[in-house]
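I have placed the structure first, in the form of structure tokens, so that the comments after it can refer back to it.
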Amino acid sequence: MSAAALSALLGAGLVTASHLVTLLVARATAGADGPVAAPALATTYVLKVLVLGWVLLTVPAPSWLLPGWTAGGVLAALVVSVTLAARSGARATRAALGAVPAVRRRAGETRADGAGPAATGAAADDDRRQGDHGHG
Numbered sequence: 030m031s032a033a034a035l036s037a038l039l040g041a042g043l044v045t046a047s048h049l050v051t052l053l054v055a056r057a058t059a060g061a062d063g064p065v066a067a068p069a070l071a072t073t074y075v076l077k078v079l080v081l082g083w084v085l086l087t088v089p090a091p092s093w094l095l096p097g098w099t100a101g102g103v104l105a106a107l108v109v110s111v112t113l114a115a116r117s118g119a120r121a122t123r124a125a126l127g128a129v130p131a132v133r134r135r136a137g138e139t140r141a142d143g144a145g146p147a148a149t150g151a152a153a154d155d156d157r158r159q160g161d162h163g164h165g
């Protein structure tokens, strides 16, 4: 295998390993009682930075390592990671809000009192009434 391919795979592997560690920690703390996930993820982030910094400062670079190709592998893995995360987030949002568009369509067909078409625009969404305040 060429030095360029090995360098790119090393860069992509670093990103993949970092994301896998984060996913494992998030998965392990997801069902925990209380606010455990955020401190655990923050600690994981600090440890990853310290370990990577230690490796970069103490381990000599192999002769086959090409920095440009390694950076390319890192960037390619980050693009793939962000794309997959965006798709996964969009899918989860659609699943969570699955019934909302149908309910909004039905609500838009008739007014609440059943007297005819509902008002459209910003006034239909704003349920506040002028002069009808609950405070003194």
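Numbering (our numbering), first residue to last: 30 to 165.
For glycine and all other residues, C-beta sits at the position ideal for the given N, C-alpha and C.
| Asked | Found |
| --- | --- |
| With 16 other Cβ atoms within 10 Å as the buried cut-off, status of THR99 | buried |
| With 16 other Cβ atoms within 10 Å as the buried cut-off, status of ALA37 | buried |
| Beta-carbon proximity list for VAL50, same chain, < 7 Å, skipping 5 on both sides | THR73, LYS77 |
| Segment contact, 8 Å Cβ cut-off, at least three pairs: the segment 119-127 with the segment 47-67 | no |
| Length-filtered (3 minimum) beta strand (DSSP E) runs lying within the segment 65-90 | none |
| Cβ pair ALA41, ALA90 closer than 7 Å | no |
| Cβ-Cβ distance between VAL103 and VAL44 below 7 Å | yes |
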